[in-house]
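*Asks:* Before we start, here is the structure in question, set down as structure tokens.
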Amino acid sequence: MRKKITLIGAGQIGGTLAHLISIKELADVVLFDVADGVAKGKALDIAQSTSIDGLNVNLIGTNNYEDTKNSDVIIITAGVPRKTGMTRDDLLETNLKIIKKVAEGIKNTSPNSFVICITNPLDVIVMALQKYSKLPTNKVVGMAGILDTSRFKYFLSQELKVPVKNIESLVLGGHGDTMVPMPNYTKVNGKSLNELIEKEKLDKIIDRTRKGGAEIIKLLEKGSAFYAPAASAVEMVNSYINNLKKTLPCAAHLNGAYGVKDLYAGVPVIIGNKGVEKIIELSLDKSEKNNFNLSIETVKDLFAAAKKIDPDLNN
Ligand code: TXD
Numbered sequence: 003m004r005k006k007i008t009l010i011g012a013g014q015i016g017g018t019l020a021h022l023i024s025i026k027e028l029a030d031v032v033l034f035d036v037a038d039g040v041a042k043g044k045a046l047d048i049a050q051s052t053s054i055d056g057l058n059v060n061l062i063g064t065n066n067y068e069d070t071k072n073s074d075v076i077i078i079t080a081g082v083p084r085k086t087g088m089t090r091d092d093l094l095e096t097n098l099k100i101i102k103k104v105a106e107g108i109k110n111t112s113p114n115s116f117v118i119c120i121t122n123p124l125d126v127i128v129m130a131l132q133k134y135s136k137l138p139t140n141k142v143v144g145m146a147g148i149l150d151t152s153r154f155k156y157f158l159s160q161e162l163k164v165p166v167k168n169i170e171s172l173v174l175g176g177h178g179d180t181m182v183p184m185p186n187y188t189k190v191n192g193k194s195l196n197e198l199i200e201k202e203k204l205d206k207i208i209d210r211t212r213k214g215g216a217e218i219i220k221l222l223e224k225g226s227a228f229y230a231p232a233a234s235a236v237e238m239v240n241s242y243i244n245n246l247k248k249t250l251p252c253a254a255h256l257n258g259a260y261g262v263k264d265l266y267a268g269v270p271v272i273i274g275n276k277g278v279e280k281i282i283e284l285s286l287d288k289s290e291k292n293n294f295n296l297s298i299e300t301v302k303d304l305f306a307a308a309k310k311i312d313p314d315l316n317n
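Per my numbering, the very first residue in the sequence shown carries number 3; after that it's consecutive.
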């Protein structure tokens with residue numbers, strides 16, 4: 003039985019997700035948006051491309067949650083993106099209201115789905131989504147670490163002139179300026195990164211990774227990154243739908259791991275057909291631990307701000 007993936011938000015990332023999922027024939031696609039013309043138009047456009055590539059996949063566009071019923075996977079991009087000069091945190095109030103509506107829409111129509119949240123500010127929005135929807139914490143996860151890691155790996159591949167696929171790495175912590183790229187967990191052609199790059203060049207790449215989103219927003223002038231975010235979310239979908247049990251950096255619910263309780267933050271997790279199946283607890287040196295804890299405090303502070311905006315989040 004072919005799977006069903008609902009995309010809540012048919013904007014830049016949502017439309018790209020619909021196209022990528024179709025090209026990979028991962029599942030049938032429901033594109034949902036309050037602007038239902040956009041959802042319907044993009045679904046129809048991609049559907050009309052399927053004969054060219056011989057793709058066996060169905061797509062519909064809608065603004066009715068009934069059409070999303072019993073989805074296997076739900077990917078949420080509903081919300082507004084940043085404009086130049088804005089931080090991800092500036093989106094909190096607007097996107098919190100939107101995610102509350104989305105949680106109401108999905109919690110009874112697809113209670114068994116694997117939910118991937120992309121909307122910013124990611125760590126707090128995914129946490130709010132889980133609290134509003136009361137869906138199981140292992141079935142609600144945020145996409146950010148795969149994107150941040152991909153940016154880090156790309157910049158390293160350009161600097162070291164090695165194919166990006168020969169680089170293994172990860173980025174921990176919140177999806178913001180305090181994210182923690184992990185040089186000690188980075189291998190280039192199997193060798194430790196620290197043997198291959200001067201500290202000054204590495205620091206520049208870490209800084210560029212942290213500001214990777216803002217760099218693209220400045221260049222685009224309207225909207226934010228969407229190709230790499232969409233590809234990152236598809237990596238998570240693929241591991242879930244095909245039970246690949248990949249270890250992927252995602253914003254996951256922590257309840258004791260890394261000394262963190264009842265908070266979402268970016269850590270390596272195993273994703274299989276049960277959702278987030280395991281949190282991988284890395285051993286961190288003093289500096290990594292300090293940087294990770296700083297990132298956690300940043301997420302905690304923003305969630306405190308979210309609870310001031312909506313006291314329902316205190317429940
Ligand atoms: O790594 C990450 N997690 C980030 C996330 C990477 C890049 C972008 N990041 C965030 O994703 C970005 O800051 C935004 O918060 C979301 C979506 O970005 P996108 O670029 O796709 O935004 P668009 O193109 O504005 O699309 C958002 C769509 C738009 O079509 C709205 O009509 C729709 O969301 N929308 C809704 N859909 C359903 N339900 C409701 N309530 C709703 N409100 C708006």
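Where is the CB? At the ideal position from N, CA and C, for every residue including glycine.
Label Asp2 either buried or exposed according to how many other C-beta atoms from any shown protein chain fall within 10 Å of its C-beta, with 16 as the threshold for buried.
*Replies:* In the structure displayed, the chain extends from 3 to 317; residue 2 sits before or after that span and is not available.
*Asks:* Is it right to say Arg4 is buried, meaning 16 or more other beta carbons lie within 10 angstroms of its own, or is it exposed?
*Replies:* As a first step, residue 4 is located in the sequence shown; it is residue number 2 there, counting from the start. Arg4 comes out exposed.
*Asks:* With DSSP as the reference, label Gly16 as helix, strand or coil.
*Replies:* Position 14 of the sequence shown, counted from the start, is the residue given in the question as residue 16. Note: Gly16 maps to helix in three-state DSSP.
*Asks:* Would the beta-carbon of Gln132 be found less than 7 Å away from any heavy atom of the ligand TXD?
*Replies:* Counting from one through the sequence shown, the residue named residue 132 turns up at place 130. Outside the cutoff, so no.
*Asks:* On the DSSP bridge assignment, give the partners of Leu256 in chain order.
*Replies:* The residue labelled residue 256 in the question sits at position 254 within the sequence shown. Bridge partners of Leu256: Leu265.
*Asks:* Val278 bridges to which residues according to DSSP?
*Replies:* Taking the first residue of the sequence shown as 1, we reach residue 278 at position 276. Answer by DSSP bridge pairing, in chain order: Ile273.
*Asks:* Which ranges would you report for the alpha helix (DSSP H) in the stretch 44 to 132 if only whole runs of at least 4 residues count?
*Replies:* DSSP runs (the alpha helix (DSSP H)) wholly in the stretch 44 to 132: 52 to 55, 94 to 109.
*Asks:* Do you know how far the Cα of Asp35 is from the Cα of Glu197?
*Replies:* Translated into positions along the sequence shown, residue 197 becomes position 195. Translated into positions along the sequence shown, residue 35 becomes position 33. Approximately 48 Å between the Cα atoms of the pair.
*Asks:* If we ignore side chains and look at the alpha-carbon of each, how far apart do Ser194 and Val143 end up?
*Replies:* Position 192 of the sequence shown holds residue 194. Position 141 of the sequence shown holds residue 143. Each residue's alpha carbon lies about 30 Å from the other.
*Asks:* For the ligand TXD, any of its heavy atoms closer than 7 Å to the Cβ of Asp69?
*Replies:* Against the sequence shown, residue 69 aligns to sequence position 67. False, no ligand heavy atom lies under 7 Å from that Cβ.
*Asks:* How is Pro251 classed by DSSP in three states: helix, strand or coil?
*Replies:* Position 249 of the sequence shown, counting from 1, holds the residue named residue 251. Pro251 falls in the strand class under three-state DSSP.
*Asks:* Within 10 angstroms of its Cβ, does Val75 collect 16 or more other Cβ (buried), or is it exposed?
*Replies:* What you label residue 75 is simply residue 73 of the sequence shown in a count that begins at 1. By the 10 Å Cβ count, Val75 comes out buried.
*Asks:* Anyone know if the C-beta pair for Thr151 and Ser171 falls short of 8 Å?
*Replies:* Sequence index remark: in the sequence shown, residue 151 carries index 149 (1-based). Sequence index remark: in the sequence shown, residue 171 carries index 169 (1-based). Against a cut-off of 8 Å, the Cβ pair of Ser171 and Thr151 comes out as a contact.
*Asks:* Verify the contact flag: Asp35, CB atom, against every heavy atom of the ligand TXD, threshold strictly below 7 Å.
*Replies:* Counting from one through the sequence shown, the residue named residue 35 turns up at place 33. Result yes, Cβ under 7 Å from the ligand TXD.
*Asks:* Whose CA, out of Thr79, Ser73, Glu106, Ala37, lies closest to the CA of Asn114?
*Replies:* If you number the sequence shown from 1, residue 114 lands on position 112. Looking at the Cα atoms, Ser73 is the closest of the given residues.
*Asks:* Is it buried or exposed, Tyr242, if we count other Cβ atoms within 10 angstroms and call 16 or more buried?
*Replies:* Residue mapping note: residue 242 aligns to position 240 of the sequence shown, counting from 1. Flag for Tyr242 reads buried.
*Asks:* Among Thr70, Val173, Glu202, Ser297, which one has its Cα closest to the Cα of Gly107?
*Replies:* As a first step, residue 107 must be located in the sequence shown, where it is residue number 105. Nearest option by C-alpha distance: Thr70.
*Asks:* When we look at the beta-carbon of Tyr266 and count the other beta-carbons within 10 Å, is it buried (16 or more) or exposed?
*Replies:* The count along the sequence shown starts at 1 and reaches residue 266 at position 264. Burial call: buried.
*Asks:* Which two residues bound the contiguous beta strand (DSSP E) that contains Ile10?
*Replies:* Looking up residue 10 in the sequence shown gives position 8. Looking at the DSSP string, the run of the beta strand (DSSP E) that includes Ile10 is 6 to 10.
*Asks:* Quick check on Gly225: does DSSP put it in helix, strand or coil?
*Replies:* For the purposes of this step, residue 225 is taken as residue 223 along the sequence shown, with counting starting at 1. Residue state, collapsed to three classes: coil.
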